[in-house]
Structures are given as structure tokens and as C-alpha cells.
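First to last, the protein sequences are chains A and B. Numbering of the first sequence is given in this note's numbering, commencing with residue 1 and proceeding in unit increments. Numbering of the second sequence is given in this note's numbering, commencing with residue 1001 and proceeding in unit increments. Glycine residues also receive a C-beta, built at the ideal position from the N, C-alpha and C atoms.
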Amino acid sequence: MKAYKVFAINEGTVIDHIPSTKALKVIDILGLENEGILTIGIGFSSEKMDKKDIIKIENKYLKKEETDKISLIAPNATINIIKNGELKEKRKIELPEEYINIVKCRNPNCITSVKDIKTKFKIVSRSPLILRCLYCERVIKAGEVEIL
Amino acid sequence: MDFTGKSIVSIRELDKDSFLKILVTSKEIKDGKYADCLRGKLLATLFFEPSTRTRLSFESAMRYMGGGVIGFAGTEYTSVKKGETLVDTIKTVSGYCDVIVIRHPVEGAARLASENAGVPVINAGDGANQHPTQTFLDLFTMNEIFSDLSTIRVGFLGDLKYGRAVHSLAYALSLYNTPLWFISPELLKMPEYLVEEIRENGSRIHEVENLEGLDEQLDILYVTRIQKERFGDMQEYEKVAGCFRITKSVVESLGENIKIMHPLPRVDEIDQEVDTLENAIYFKQAHNGIPVRQAVLGLVLGVLQ
């Protein structure tokens, strides 16, 4: 029998293949801090990636539009929906249409930099990734993205 | 496009059909149609930043159409001074009027206003970002002289880094695939993200540092003021202040048919002696702000279709 370092869950969502040490950021983006029992594993060995993090969220089935929010920090994460102890759905992360309060605008004179306003970015191009601030309209390229 | 109830925040949300609608309606108004059609309507002009032409032409436009105007120019005697947020100001004022015109020094302020207002919001300039109604009157002025916007050759000279009028207009012209020349010293170059976008839209772009070799190459030279107020570092401003000046002889060297435009105000970038030349159309351009803004107000208020 395989010895699990993170306990299996009967009901809920497992987010696997998160780049190592990004698990807490994923929880932050998904707003899971007060969403019941979370099991977090950091720095596990992985065949696909050097090190990975894993999060298990009990009794909550995350929807695609929710998990796609982590696409900038965990683009290769896999989402497993577990029901009655069985894997019911497995899916990849895709880029959403827009990011709300996830990306920081680099323009110091943007209203989101000056005031306490949620940032909003639309995707202008998926490959290469280019985002546009909905407020000041400046664009950010993939290598310039800074997560809030 | 039906403009009724819509905010006008960015040129990026509009297309050539929208521009055509505005240009045609502006021409009808200039020819004397639709007088008094906004009777009973109220405009609020919220100017958090100085303005002469934009504010006064919006107010004139509203009054010529029979409507009324409230508002402020500068925040000295408003609750903004007490610390009221932009969102609260907008939510309050939108209950006092039918349409809001806003100018603000921070980029994205007009978008935030449009998200929180119950009435249409017209962006009259947000920092270095957008100034769509300036673009409409620029296109209208160009279209009065040159009927085909896709074949004219337009040079932009001056502060292409911070000039929002340039940013909005160059983007709009790129939708017509208009060939564009960006003429500026290195420090005032057009932002790279805009150059890429304009090029992708289909405009052929030439980037040069001065007017040398452009004799007979341009139909319009669009000159802009160096935006001193947007420089974070005054030493950087001093490096470029007064670095170009359009005189009679410069105009003559560009060819007898060249038209000189400027969104105004000017400082010293166009010599006053140029004003007397047939080539200078910047005051005509400023006056076109009235019919164009009348058209915009009539369209967003749904009185004109």
C-alpha cells in the first residue's frame, strides 16, 4: 500500500503539480483561508517537475472559472474533483478571460496603484501571454507579471 | 453602434463604424441641425485637472443644444478636499445630472467613474492614457480636408511619450491603416506597447528623431506640447524642453500643402507667425470641438440616433 504523506480525502478538490512553495499563494488567490479543512504539502518530489506542492480542500468542489485564476502562478497544475472517495473529474488549468485582483499593474500612475481599487486585466494575447490593464490600458508581457 | 446610455472612456472600445456615426452627426450639427435637442438635460463637468478648451467646449456644446451645465474646475471648493473618494463623488453627482464629463490626472480614473455612475461618463482625459473626444474632433478636422483617412500621411511631432491626444489619435488612425510618422527625441518616444499595437492594426510606422528628409512626405503634421506636468524628474524635462519649434520656414520646407494641427495649448513649439498661414488649422480644429462634442452628448443621451 502506497504511503501518502498527505491524507487522501473522500470529498473535495485536490490541486496537484503546483510549483513548489506556491501553495500558500494559490490558497490566497482562491480565497480558501476560511473554507474549512485544507491539507497542504510543500516540496514533494515529482516525476513531472523537480519539486511540487499539493493542496487538498475538503468538502468543496472548485469550479473551472475558480481554478483558472491560478493560471499565472501554477499553469501546469492539475485539478482533481473527488466524490465518495473516487476521482470524478480531472482537468488542466486554462487561461481565463480576465484576472481580477491577481496581477499588479506596473504603472505607478494607474488608479489601481494610487487608490485601493481591485486590479482588472484582460488577456490580449494567449501566446505569447500579454495582459492589458482595464483601467490605465498599459500592457504586461508574461515575464513582467507580478502577482499581488 | 447605438451610443445610447454608453460611456465613452477609450478609443479601444470603438470601431470605424462608431467614428463614422460621430463624424456624420457632427457634420449635420455643424450644418445647423439638432439645435435645442438637449433641452431639459443636464451635464456635470468634473475637472480634477486644468483645462480650457475641453471643459469650455463641452459646456458650450451642451448650452448650444439647449441643455444645462453643473460642475467644478479644480477641487479646491469641493468635498474632494475633505478626502471624499472619486467613487463617492461619482455616485453622488450621477444623481444630479444626465451625463458626466470627467478629466482626472490619474490613468484609469474615467473607467472607474464609468463603473460607478448611473449615467454615461465621457472621458475628457485621464493622465497620459486616453482623450477620446479630442480624437473625434481631430478625425473630424482631418476628414473635412481629406475625405479619405486611409490615404493621408500623418506625422506626430513632440511629446509622444506622455501625450494622450497622440495616443488616442494614432490608435484611431491605425484602424484606417493610415501611414504614420512618429517624430520625437529618444526621451519622448511613443511607448513601445502602443507602437506594436498600432503596427498590428495595420499602420505602416516610421520612427524618426527630427523632420529632416520629410519634405513633401506628409499631409498633416500633428504637433504636441511637451507634457511638463507628467515628468517625474524635472531634469529629464529640461533635457527636452524647447527641443523643437515650428516656424514659417519649417512649414515651407515641409511643402505648400502641409496642414499643421495641434491639440493646444501650445507653449513655444509653434511660432505665432505660423498662425497666419493657410497651413495652420489648429484653431479651426479647436472650434470643431463644439459640433463634435454636441454630437457625442446627443448620441450618449439617446436624443440623436
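- Secondary-structure assignment with DSSP links B:H1206 through a beta bridge to B:W1181.
- According to DSSP, residue pairing for A:K141 in a beta bridge involves A:I130.
- Separation of A:Y61 and A:N10 (C-alpha to C-alpha, rounded to the nearest whole angstrom) is 12 Å.
- As DSSP reads the structure, B:P1191 sits in no beta bridge.
- Here A:I117 really is in contact with A:I111; their C-beta atoms are around 6 Å apart, less than 8 Å.
- Here B:H1206 is exposed: its Cβ has fewer than 16 other Cβ atoms, across all protein chains shown, within 10 Å.
- For B:G1083, no chain A residue has a Cβ inside 8 Å of its Cβ, as the nearest lies near 12 Å away.
- When DSSP states are grouped into helix, strand and coil, B:D1126 belongs to the strand group.
- Under DSSP, A:E98 takes part in a beta bridge, and its partners are A:K122.
- Note that the C-beta distance between B:I1258 and B:I1281 is not below 8 Å.
- For the set A:T13, A:G36, A:G31, A:L95, the Cα lying nearest the Cα of A:P75 is the one of A:L95.
- Interface flag for A:T112 against chain B is set, since a Cβ pair is found closer than 8 Å.
- By the rule that beta-carbons nearer than 8 Å mark a contact, B:R1103 does not touch chain A.
- Every beta strand (DSSP E) of 3 residues or more that sits fully in the stretch 1021-1102 of chain B is shown, in chain order, as 1042-1047, 1068-1073.
- With 16 or more neighbouring CB atoms inside 10 Å of its own CB, A:R132 falls in the buried class.
- With a threshold of 8 Å between beta carbons, A:V139 makes contact with chain B.
- Excluding five sequence positions before and after B:L1194, the CB atoms of its chain that fall closer than 8 Å to its own CB belong to H1167, A1170, Y1171, given in chain order.
- Among the bridge pairs identified by DSSP, A:K56 is matched with A:V14, A:T39.
- Annotation for A:L87: N80 place their beta carbon closer than 7 Å to its own, counting only its chain and skipping 5 residues before and after.
- Secondary structure remark: continuous alpha helix (DSSP H) runs of at least 4 residues inside the stretch 1129-1166 of chain B, in chain order: 1132-1145.
- Taking 8 Å as the threshold, the shortest C-beta distance from A:L134 to chain B falls below it.
- One alpha carbon belongs to B:V1208, the other to B:S1184, and they sit about 7 Å apart.
- Going by beta carbons, B:C1037 and B:V1303 fall inside the 8 Å limit.
- Excluding sequence positions up to five before and after A:Y135, its CB lies within less than 6 Å of the CB of C110, I111, T112, all in the same chain and listed in chain order.
- With 16 or more neighbouring CB atoms inside 10 Å of its own CB, B:T1133 falls in the buried class.
- Linking B:F1283 to B:M1142 through their CA atoms gives a straight-line distance of about 13 Å.
- Residue-level contact by beta carbon fails for A:I123 and chain B, as no gap is shorter than 8 Å.
- Its chain contains P1291, Q1294, A1295 as the residues whose beta carbon lies nearer than 7 Å to that of B:I1029, once the 5 sequence neighbours on both sides are disregarded; these appear in chain order.
- The straight-line gap separating the alpha-carbon atoms of A:I102 and A:E33 is approximately 16 Å.
- Residues of the same chain with a CB within less than 8 Å of the CB of B:D1271, apart from the 5 flanking positions on each side, are R1245, I1246, T1247, K1248 in chain order.
- Under the 8 Å criterion on CB atoms, B:A1109 is classed as interfacial with respect to chain A.
- Interface annotation for the stretch 1006-1019 of chain B against chain A: S1010, R1012, criterion Cβ-Cβ distance under 8 Å.
- With respect to the C-alpha of B:E1238, the residue from B:L1187, B:F1140, B:T1276, B:S1114 having the closest C-alpha is B:L1187.
- Interface flag for B:Y1193 against chain A is set, since a Cβ pair is found closer than 8 Å.
- The C-alpha of A:I54 is placed about 50 Å away from the C-alpha of B:K1081.
- For A:I117, the nearest CB of chain B lies under 8 Å from its own CB, placing it at the interface with that chain.
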